[in-house]
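Chains as they are written, first to last, in the numbering used here: chain A, 1195 to 1408; chain B, 1195 to 1408; chain C, 1195 to 1408; chain D, 1195 to 1408; chain E, 1195 to 1408; chain F, 1195 to 1408.
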C-alpha cells in the first residue's frame, strides 16, 4: 500500500535560491530528490513556506508563518501519513522572532506534541513517525540585509543539531543533522544552493526508508 | 518548463469515501487522475481538507477550516503557480456555517480576490489562472446525521453551479460544473464514490490543459 | 475649547453612492454637512467603513469589519471625545452576518458598553456622550445581488428604530431615527442618495448641538 | 487520595437567578450542593460563565464565551482531574449563536474531543471521565427580551436530552438529563430557581459518585 | 455574607513540585492554606496555570497562557469577587516571553486595568480589591533546561518586588512580597517546595483578612 | 477635485505632550498644521494612536496597536486616498516590542506592501502615493519609566532615518526625515513639544504638495 511522507519546512524545503532569488528547479529541491529515490510507492508532499517558524508569530508576512498554528490543518489535509519530516528552526534565529537556539528547540517540541495529540480522522489512534532534521548552521555572509536579519544566528544555529538530537531522543523521534551533508551558502548565509539541497534529499533516503519500514 | 496546478478543496478533493469512511485510494482521487492525465510536465498539488469552507469559521474542528484564512499560506508554499482550481462550497451549505448558496458565492469571490491581490514572491505581478469548480449538488440521504448537518442543502447546493458560473464570468475565471460529470452518493448525500471522483479528474483534464496553454 | 465628535458608521456614513458605485462628494456626506453646520469650533471625524457590522465578524472582507473589535482603537486615536454618534446595523441585516433586528440591538448594546468601559487616556473617568442613530429602513430593490445579500432585511430593518430607541433610553444615550428624514434608494435598497445623506447631516445638527452643550 | 471534579458550564452552573437578577447563594448552586454531598475527599470546581456556548463565538460579550477555546486552559489549571461534568448548550439555542439543537450536539462533541486529546501534564495518558448533562428545556416566558434572544429555543432545546444521550453513548461518556429533576423558570424561560438548582446538585451526586468510583 | 477571593497565578499557584514533577498535595498549595486559615465564610478560588504570563503570548503551549486574555473570562465566572490576588511574573522572565522585570511590571499594570475596567454583571460599579504579590526571586540551579529557559532570570526577578510595590502604590492596590517568606528551590530555580508554598499561604492570611475587612 | 491625505502614526501624530501629559492643542499637531497649509482643497485625516507599532503586537494595551493589522480597515474607511504619510517606528524601539531599528524597517516594509496590495473599492487599480517619515531620534531622559521602557532606543532610533531612506528608495516611496526639523523632548526622550510638532507640519507641506501634484 502507498506510504505518505510530509516534508514540513521553510525556505530550505521550498527551495529558495540565493543566487537566482527564485525557486530551485523542481528536480533540485530535497523533497523531489527524496521522492525520486523512494519511488512510486511513496507519496512525498513538499510543504515548505518561506519564513516559517517553529511556533512563533511573524506579523511581517502576509500569511501565517507560525508553524504550530498551521500544522494541524496540514496534517488533516494529507492524512493518513506514515512519516512527518520537520526541518524548521532557521527562521527562529532571527532576533525579531526568537533569536535563540533554545527557543527553536521549544518550538520543535511543540510541533512534536501537535503531531502526537492530533485527532486523526476516523478515530485512528496511530499517528505517523516523526523525523526531526536540524537545518545546516548559518554561515557568515557579506549580504548586509541577511546579516542584520539573522544577527547572532551563526552562533545560535550551530547549537541546533545537538539540541534537536537530544529532543528527538527524549521524544522517541528520528533525527538527522542536515549539516552533516549540506552547507549554507555565503551568498546570504542561510540558504542551500542546488547541489546542497540535492545532497540533503539523497542523504534522507535511507533514514526515511528505515522509518517507513521499506 | 514545469507547470504547477493547485487543487484547493474540501473532502471532495481529499477523497472522503462514504462507503469506507476512509480516504479513496490515491489513484481514485480526482487530483491524482488529473495529474496522471496531464503527465510529468505538470505538478498537481492536492490540498483538500475535510470540512473546509470558502470563507467561514468552523470552531467545531481542531484545525482552521476557513478557506480564506489558510489560502495565502498555501499560495506561498506552492508559488510559483500556473493554475489554481478551487472546488469549495459544499460545507458552506451546513446551516451552522452559512446555509445559503449566495453565501458560498460571496466566499468564493473572497478567495478569488485573495489570489488576485496576493503578494507573489520576488515581486512578480503575474498570478495564476483561476478555475472555479462548483461541487455536484447534494442529494437526499437516509443518513440522518448528514441529513441534519446539511439541512436545506439539497435545494441550496442546486443553485451553486449557475451562481458560480456568473461569478467566474464577471471575474475572468474559468468555470466547470462538477455536477455535469459526477453525482453525490445517497450514502451521505454529499460525497463522491470512487467512480465519480475519477470521472471528475478526467473531465477537468481538457479544461486545465487549455488554461495552462498546453 | 474645541469639541470633538466621532461619527462611527458603515457605508451610509462613508457615503456609498448606489448611482455612481463610488463615494458621494465630500460635501454631500452627512458628517461633512454636520461639520459645516457645527462650525470651526467642533471637529467632526468621519469613520465610516463599507460593510461594518455592530459586533459580528465578516470574513468575506479583506479588513476587520467587526465594529466592536475596531472601536477601542478608534476611541483612542481620537481621544478626547465629546460625542460619539453610532449609526450601524444595516449590515447586520445580511443573513450571513446576523439577519435579525434583535441581533443588531445586542451588537449596539455591546458598542455602548465599549464606550462606557473604555480606559480613557491619562486616567480621565469621564467619557463622551453617545448618540444612537438607527439607519433608515431598507426598501425593495430590483438589484438582485443586493436583494439576495439582504434577504429579509426590509422587514427586520423596519424594527430597528423602535428597538434602538428603547435601548438608548435604557442606557442613557441620545437617539435619532434617520428614517424620519432620509429614505434608502430603490437602486440597491440600502444606501442613501446625495440629497438624503445631506438631509441626515442637517437633521443631526440640533441633536449634536444639544448633546455638546453648544 | 483526593478526587477532583470540574463543573464546566454556563449561567445555569454559575447560578443566575431570574428573580434577583443576581447570583444564587453559594449554598444553592448545584456545584456547591454536589460538593457538600460528596464530602471533603472530593474537590468540586465550579466553572460556570454566563453566556458560555459549546463551541461558538459570541462577540457580544466582553470576554471569551466560546467554551471550546477556553476549555484547554481550564483543564490545565485544574489538572489532575477525575471527572469533568459539562452542562452546556442553552446559549447555543440563541439564533445569533447557532439556534439549533443539532449544532449544540456538534459543539458538545468538540468539547469531548478536547478532553480526550488534551496533553495532560507530565506525560500522563489517562484523562478524566466525562459526564454530559443536558440542560433542562427552555420554557415559554413573558419576558420579551429573553423570548426574542432565544426565539425557537423552546422547540430546539427539547431535543437536546435525547441527542446528548446518543452522543454520550457513542463517545463512552456518562449522561444525565437535568430536565428529569429540574425545570426552567417562566420568569425568563431559561434559568433555574434556587430549588431547582439544588435539586440538580442532589441528583448528580450518585452519578458522580459512581463515575468517581466512590 | 460569604466573601470570595480569586487567586490568579501560574505554576507557583497551581502547586508545581520540582521534586515530584507533579502537583503539590491539595493541603500544601498556598490557596488551600489561605482558605483553611480564612475559614468557611470565605471562598478561595485557585486559578493557577502552569506557564501563565502577565500579558504575553506563549505559542509553545496548547492553551492560552496570556494572563490578560483569559482574566476577563475568569472574572466573570467567579463574579462577585471581593479580592483578587495576582501573583504572576515568573514566566515573564523567560527570554522568549519577555525577559525583563520592567516588562512584567507593564503586564501587571495591564491586569490591574482589566480588573478596574471590567464590566461587572448587573451593572455594579464596584469591583474587588486587588493584591499584587511579587513571586520569590529565581535562584541559581543545576537544572540545565530550566537554567536555559530562564536565562537572566535570577537578576531580573530580583527587581520584581520593588517594582511591583511601586506599581501597587501608584494604583491603589495591596502589595505582598512573597520573597519575604518563601524561597525558590535550587532544584529548578523557579518553584516552591511544599514548606515554602505553605508558608506563603500562612503569610497571606492577615493581608487578605485586612483587605476583606474581616 | 478634493485630494485626501492620510496621516498614519503613533503618539507623535496624535500629539502627546510630555509636559501636560495630555494632547497638544488641535492647532499644534502636525497633521493640523499640514492641513492648514494645504488649504481647503485637501482633506487631511489624522490617525495617530498612542503606542502604535509598525507591525508588532502589544498586548499591554486595551486596543490593537499593531499598525499592520489595523491599516487595511483605515485604508478602506478613507478611500479614495491620494497620499498616505506613515510615521511609525518609535514604539518599535521598546525592547518588549522589538527593540531594533532593523525590525522597524521590516515593519515599515510590511505597511508599504499592505498599501500596494490593498483591494481598493470598485476595482480601482491605482493606489495612493506613500510618504515614509522617520521619527526624530530618541534622546536621553531623566524620566526613569520612559528610560526603562525604551532602553537602547537612543542608539537604535538614530539609525532609522538612513534605513527608512533606503527602503523608500527601493520601494518607490517618498521620504522625509523628521529629525531634520524636530527634536524629541528630554522630558521623556520620545515625544515632541508643541513647537517641534508644528515645525514638522510646516516642513511636510512642500513634500506633500509635490507628491499630490499641487
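Ideal placement from N, C-alpha and C gives every residue a C-beta, glycine not left out.
State the start and end residues of the unbroken alpha helix (DSSP H) segment that holds residue 1296 (chain B).
-> Within the second chain, the letter at position 102 stands for residue 1296 (chain B). From DSSP, the alpha helix (DSSP H) with residue 1296 (chain B) extends over 1295-1310.
Beta-ladder partner(s) of residue 1351 (chain F), from DSSP | For this step, residue 1351 (chain F) is matched to residue 157 along the sixth chain. Answer by DSSP bridge pairing: none, since residue 1351 (chain F) is not bridged.
Taking all protein chains shown into account, decide if residue 1319 (chain F) is buried (16 or more other Cβ within 10 angstroms of its Cβ) or exposed.
-> The residue you call residue 1319 (chain F) lines up with position 125 of the sixth chain. Exposed.
Touching by the beta-carbon criterion (3+ pairs, under 8 Å), the stretch 1386-1402 of chain C and the stretch 1203-1213 of chain C = Counting Cβ pairs under 8 Å, three or more are found: they touch.
Measuring only between beta-carbons, confirm whether residue 1270 (chain D) sits less than 8 Å from chain E.
-> The residue labelled residue 1270 (chain D) in the question sits at position 76 within the fourth chain. For residue 1270 (chain D), the answer is yes, since a Cβ of chain E falls inside 8 Å of its Cβ.
Determine whether the Cβ of residue 1371 (chain B) lies closer than 8 Å to any Cβ atom of chain D.
-> Locating residue 1371 (chain B) in the second chain gives position 177, where the first residue counts as 1. For residue 1371 (chain B), the answer is no, since every Cβ of chain D falls outside 8 Å of its Cβ.
Cβ shell of residue 1205 (chain D) (< 6 Å), same chain only, five flanking positions each side left out = The count along the fourth chain starts at 1 and reaches residue 1205 (chain D) at position 11. Same-chain partners within the cutoff: 1244.
Can you check whether the CB of residue 1279 (chain A) is closer than 8 Å to the CB of residue 1354 (chain A)?
-> Taking the first residue of the first chain as 1, we reach residue 1354 (chain A) at position 160. Taking the first residue of the first chain as 1, we reach residue 1279 (chain A) at position 85. For residue 1354 (chain A) and residue 1279 (chain A), no; Cβs fall outside 8 Å.
Using the beta-carbon count (16 or more within 10 Å), is residue 1323 (chain D) buried or exposed?
-> What you label residue 1323 (chain D) is simply residue 129 of the fourth chain in a count that begins at 1. Buried.
N- and C-terminal bounds of the alpha helix (DSSP H) containing residue 1389 (chain B) | Mapped onto the second chain, residue 1389 (chain B) falls at position 195. Run containing residue 1389 (chain B): 1388-1406, per the alpha helix (DSSP H) assignment.
Is there contact here, the stretch 1295-1308 of chain F with the stretch 1252-1266 of chain F, by at least three beta-carbon pairs under 8 Å?
-> yes
In chain C, what lies closer than 9 Å to residue 1262 (chain D) by C-beta?
-> As a first step, residue 1262 (chain D) is located in the fourth chain; it is residue number 68 there, counting from the start. None at all; the shortest Cβ gap to chain C is about 16 Å.
Which residues, in chain order, does the stretch 1275-1291 of chain A contribute to contact with chain F at a C-beta distance below 8 Å?
-> 1289 and 1290
Going by alpha carbons, who is nearest to residue 1390 (chain E) out of E:1257, E:1222 and E:1203?
-> Counting from 1 along the fifth chain, the entry for residue 1390 (chain E) is found at position 196. For the residues E:1257, E:1222 and E:1203, the minimum Cα distance to residue 1390 (chain E) belongs to E:1222.
Taking the C-alpha atoms as reference points, what is the distance between residue 1198 (chain A) and residue 1233 (chain A)?
-> As a position in the first chain, residue 1198 (chain A) is number 4, starting the count at 1. As a position in the first chain, residue 1233 (chain A) is number 39, starting the count at 1. Approximately 12 Å between the Cα atoms of the pair.
Assign residue 1408 (chain F) to one of two classes, buried (16 or more other C-beta atoms within 10 Å of its C-beta) or exposed (fewer than that).
-> Translated into the one-based positions of the sixth chain, residue 1408 (chain F) becomes position 214. The residue in question, residue 1408 (chain F), is exposed, as its Cβ has fewer than 16 Cβ neighbours within 10 Å.
Residue 1313 (chain A) versus chain D: which residues are under 7 Å apart at the beta carbon?
-> One-based indexing of the first chain puts residue 1313 (chain A) at position 119. Within chain D, the residues near residue 1313 (chain A) are 1307 and 1311.
DSSP beta-bridge partners of residue 1371 (chain E) = The sequence position of residue 1371 (chain E) within the fifth chain is 177, counting from 1. E:1328.
Distance, residue 1236 (chain D) Cα to residue 1229 (chain E) Cα | As a first step, residue 1229 (chain E) is located in the fifth chain; it is residue number 35 there, counting from the start. As a first step, residue 1236 (chain D) is located in the fourth chain; it is residue number 42 there, counting from the start. Approximately 16 Å, taken between the alpha carbons.
Whole-Å CB distance - residue 1281 (chain C) paired with residue 1331 (chain C), under 8 Å assumed | Working through the third chain from its first residue, we reach residue 1281 (chain C) at position 87. Working through the third chain from its first residue, we reach residue 1331 (chain C) at position 137. Not quite, the Cβ-Cβ distance comes to about 13 Å (not below 8 Å), so this is no contact.
For residue 1358 (chain D), decide whether its Cβ has a neighbour in chain B, counting only Cβ atoms nearer than 8 Å.
-> Taking the fourth chain and counting its residues from 1, the one referred to as residue 1358 (chain D) is at position 164. Chain B contact via Cβ: absent.
Taking Cβ to Cβ, would you say residue 1404 (chain D) is nearer than 8 Å to residue 1277 (chain D)?
-> Locating residue 1404 (chain D) in the fourth chain gives position 210, where the first residue counts as 1. Locating residue 1277 (chain D) in the fourth chain gives position 83, where the first residue counts as 1. Their beta carbons are not under 8 Å apart, which means residue 1404 (chain D) does not touch residue 1277 (chain D) by this criterion.
Hey, would you say residue 1249 (chain E) sits closer than 8 Å to residue 1253 (chain F), going by beta carbons?
-> Within the fifth chain, the letter at position 55 stands for residue 1249 (chain E). Within the sixth chain, the letter at position 59 stands for residue 1253 (chain F). The Cβ-Cβ distance between residue 1249 (chain E) and residue 1253 (chain F) falls below 8 Å.
Please report the Cβ distance between residue 1370 (chain C) and residue 1398 (chain C), rounded to the nearest whole angstrom; I am assuming they are in contact, meaning their Cβ atoms lie under 8 Å.
-> For this step, residue 1370 (chain C) is matched to residue 176 along the third chain. For this step, residue 1398 (chain C) is matched to residue 204 along the third chain. Their Cβ separation, rounded to whole angstroms, is 6 Å, which keeps residue 1370 (chain C) and residue 1398 (chain C) in contact under 8 Å.
Under 8 Å (Cβ pairs) to chain F, residues found in the stretch 1321-1344 of chain A = 1342 and 1343
Proximity test, Cβ basis, 8 Å: residue 1294 (chain B) and chain C | Locating residue 1294 (chain B) in the second chain gives position 100, counting from the first residue. Closer than 8 Å to some Cβ of chain C, the Cβ of residue 1294 (chain B) qualifies, so yes.
Among E:1227, E:1284, E:1200 and E:1195, which one has its Cα closest to the Cα of residue 1349 (chain E)?
-> Translated into positions along the fifth chain, residue 1349 (chain E) becomes position 155. The option with the nearest alpha carbon to residue 1349 (chain E) is E:1284.
Among B:1377, B:1374, B:1299 and B:1393, which one has its Cα closest to the Cα of residue 1361 (chain B)?
-> As a first step, residue 1361 (chain B) is located in the second chain; it is residue number 167 there, counting from the start. The shortest C-alpha separation from residue 1361 (chain B) is found at B:1299.
Please classify residue 1215 (chain D): is it buried, with 16 or more other beta-carbons within 10 angstroms of its beta-carbon, or exposed?
-> Looking up residue 1215 (chain D) in the fourth chain gives position 21. Residue 1215 (chain D) is classed as exposed because its beta carbon has fewer than 16 other beta carbons within 10 Å across all chains shown.
Contact set for residue 1335 (chain C): own chain, Cβ-Cβ below 6 Å, skip 5 residues either direction | For the purposes of this step, residue 1335 (chain C) is taken as the residue at position 141 of the third chain. Same-chain partners within the cutoff: 1341, 1380, 1382 and 1383.
Give me the Cβ distance between residue 1372 (chain A) and residue 1394 (chain A), rounded to the nearest whole Å; I'm assuming they're in contact under 8 Å.
-> The residue given as residue 1372 (chain A) occupies position 178 in the first chain. The residue given as residue 1394 (chain A) occupies position 200 in the first chain. Their Cβ separation, rounded to whole angstroms, is 5 Å, which keeps residue 1372 (chain A) and residue 1394 (chain A) in contact under 8 Å.
Quick one, are the C-beta atoms of residue 1289 (chain E) and residue 1376 (chain E) less than 8 Å apart?
-> On the fifth chain, residue 1289 (chain E) is found 95 positions in, with the first residue counted as 1. On the fifth chain, residue 1376 (chain E) is found 182 positions in, with the first residue counted as 1. Contact flag unset, no.
Identify which residue in F:1401, F:1392 and F:1257 has its Cα closest to the Cα of residue 1409 (chain F).
-> Since the displayed chain F opens at 1195 and closes at 1408, residue 1409 (chain F) lies outside it and no answer follows.
When you compare each of F:1392, F:1311, F:1292 and F:1227 to residue 1257 (chain C) by their alpha carbons, which one comes out closest?
-> Taking the first residue of the third chain as 1, we reach residue 1257 (chain C) at position 63. Taking the Cα of residue 1257 (chain C) as reference, the smallest distance to any Cα among F:1392, F:1311, F:1292 and F:1227 is reached at F:1311.
Cut-off 8 Å between Cβ atoms - residues of its own chain near residue 1268 (chain E), not counting five sequence neighbours on either side = Here residue 1268 (chain E) is taken as the residue at index 74 of the fifth chain, counted from 1. Around residue 1268 (chain E): 1200, 1202 and 1241.
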